[in-house]
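Quick note: the sequence shown, position 201, residue 200 per numbering that gives the first Met the number 0, numbers continuous.
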Amino acid sequence: MKTGRIIKSIGGWYTIRDINTKEHFESKASGKLRYVRLDEDSSFNKQTTMRTKKDIKTVQISPKVGDIVLYDDTDDNYPITKILPRRNQLDRPDVSNIDQILLFFSTIRPDFSFNLLDQFLVLIEKAHIKPIIIISKIDLIETTPLNKLKANLTYYETIGYELYYVNSKQKIGFDVLKDIFTDKVTVVAGQTGVGKSTFINALMPGLELKTQETSDALGRGKHTTRHNELYEYSGGLIADTPGFSKLDFNIFDKRELKDYFIEFDSYKSECKFEKDCDHVHEPGCNVKDNENILPSRLENYHKFYDEIDKQKERY
Ligand SMILES: Nc1nc2c(ncn2[C@@H]2O[C@H](COP(=O)(O)OP(=O)(O)O)[C@@H](O)[C@H]2O)c(=O)[nH]1
Ligand SMILES: [Mg+2]
């Protein structure tokens with residue numbers, strides 16, 4: 000058996016890149032793999048919706064892009080025989096073992112939104128993946144509004160996020176980005192039309208991913224990225240993703256939300272309720288209107304909190 004990483008998946012066929020030689024093999028997943036028997040402590044237990052530990056221990060697992068797998072290099076079909084435990088995984092895009100997500104936002108077309116930025120950050124923090132914020136299309140707005148946006152965004156750097164500004168048409172801001180991909184699996188994510196595919200094309204001339212000329216009044220592109228694939232770049236792997244315009248919070252408890260606003264933790268000790276406080280209505284809470292926290296962060300926290308509440312009522 001050899002070890003490799005799945006870098007592409009189309010219609011039941013997988014491209015495996017050998018971990019050592021970096022050679023590519025076209026593989027068909029073996030039938031047996033579709034049902035995997037789980038050990039009590041298998042990492043897949045956490046990823047499935049089994050009710051009790053005694054529930055069925057056989058679950059269906061399909062290989063996905065990003066998976067580290069064992070494959071049989073003596074068979075012409077290079078069948079995958081085992082999927083190694085996933086460090087993390089996303090469903091949309093369907094990729095596993097991700098090191099970092101480049102979170103794309105354009106200055107305009109579509110308009111930058113602090114609300115959407117905070118939503119994406121929450122979901123990425125929840126998935127335990129490192130986000131890197133990229134602001135694209137900096138050529139499309141005047142210097143004054145750009146500087147204002149930069150000033151507001153500085154807050155995110157002070158709480159620990161990496162932040163970069165790019166213009167993919169002229170490859171401006173690319174120098175500082177070169178080294179962030181080495182030895183990493185990077186997923187490029189963000190709303191449709193923010194310039195993800197254009198950015199990847201600019202990094203890798205010759206790749207020629209389809210991009211969409213924005214023409215309609217909404218300034219939105221159409222979905223042009225269809226399959227999952229990791230591209231080799233600068234000693235790492237990068238995945239483009241189709242955009243999405245709506246996220247949902249129907250995935251967790253409102254009490255978890257505060258864990259994903261990473262700076263709240265540092266003000267917790269000032270709050271007399273500490274761990275037990277949701278920083279919403281509690282009198283004497285020093286997080287809920289702390290002046291060191293960006294007002295839009297607090298506002299969005301409260302909005303998301305209420306939204307989760309409402310979603311729960313519907314079910
Ligand atoms: N002016 C300008 N336009 C850009 C930039 N990046 C992307 N675009 C344009 O934005 C539109 C959407 O880009 P695309 O890469 O398809 O976005 P995606 O949906 O995020 O992949 C296209 O018309 C691109 O030419 C940029 O940095 N500056
Ligand atoms: Mg695209």
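Backbone N, C-alpha and C fix where the C-beta goes; we use that ideal spot for every residue, glycine too.
Here the structure is a predicted model, which is why all the values come from computation and not from measurement.
{"Item": "Residue 24 versus residue 60: straight-line alpha-carbon distance, rounded", "Value": "21 Å"}
{"Item": "Three-state secondary structure assigned by DSSP to residue 158", "Value": "coil"}
{"Item": "Where the beta strand (DSSP E) containing residue 227 begins and where it ends", "Value": "227–232"}
{"Item": "Secondary structure of residue 296, DSSP reduced to three states", "Value": "helix"}
{"Item": "Any non-hydrogen atom of ligand 1 closer than 7 Å to residue 318 Cβ", "Value": "Examination of residue 318 is not possible in this model, given that the chain is present from 0 through 314 alone."}
{"Item": "Beta bridge counterpart(s) of residue 4 as assigned by DSSP", "Value": "16 and 67"}
{"Item": "Start and end residues, beta strand (DSSP E) containing residue 105", "Value": "99–105"}
{"Item": "With 16 other Cβ atoms within 10 Å as the buried cut-off, status of residue 159", "Value": "exposed"}
{"Item": "Burial state of residue 169, where buried means 16 or more other Cβ atoms lie within 10 Å", "Value": "exposed"}
{"Item": "Rounded C-alpha distance that separates residue 356 from residue 235", "Value": "Absent from the structure is residue 356, since the part of the chain shown begins at 0 and ends at 314."}
{"Item": "DSSP three-state assignment for residue 306, whether helix, strand or coil", "Value": "helix"}
{"Item": "C-beta atoms of residue 209 and residue 242 nearer than 8 Å", "Value": "no"}
{"Item": "One or two residues paired with residue 24 in a DSSP bridge", "Value": "15"}
{"Item": "Nearest neighbour of residue 297, chosen from 309, 275, 124 and 259 [CA to CA]", "Value": "259"}
{"Item": "Rounded straight-line distance, which links the Cα of residue 279 to that of residue 301", "Value": "7 Å"}
{"Item": "Terminal residues of the alpha helix (DSSP H) in which residue 201 lies", "Value": "195–202"}
{"Item": "Contacting residues, own chain, Cβ-Cβ under 7 Å from residue 261 (five flanking each side not counted)", "Value": "124, 158 and 159"}
{"Item": "Backbone CA spacing between residue 189 and residue 81 [nearest angstrom]", "Value": "32 Å"}
{"Item": "Distance cut-off 7 Å: residue 239 Cβ against heavy atoms of ligand 2", "Value": "yes"}
{"Item": "Residue from 98, 137, 203 and 240 whose Cα sits closest to the Cα of residue 233", "Value": "203"}
{"Item": "Length of the line joining the Cα atoms of residue 86 and residue 96", "Value": "5 Å"}
{"Item": "Residue burial classification, residue 4 (beta-carbon count within 10 angstroms, cutoff 16)", "Value": "buried"}
{"Item": "beta-carbon residue 138 near ligand 1 non-hydrogen atom, thresh 7 Å", "Value": "yes"}
{"Item": "Stretch-stretch touch, CB-based, cutoff 8 Å, three pairs: the region 175–189 with the region 97–114", "Value": "yes"}
{"Item": "As assigned by DSSP and simplified to three states, the class of residue 130", "Value": "strand"}
{"Item": "Distance between residue 142 and residue 66 (C-alpha atoms, nearest Å)", "Value": "43 Å"}
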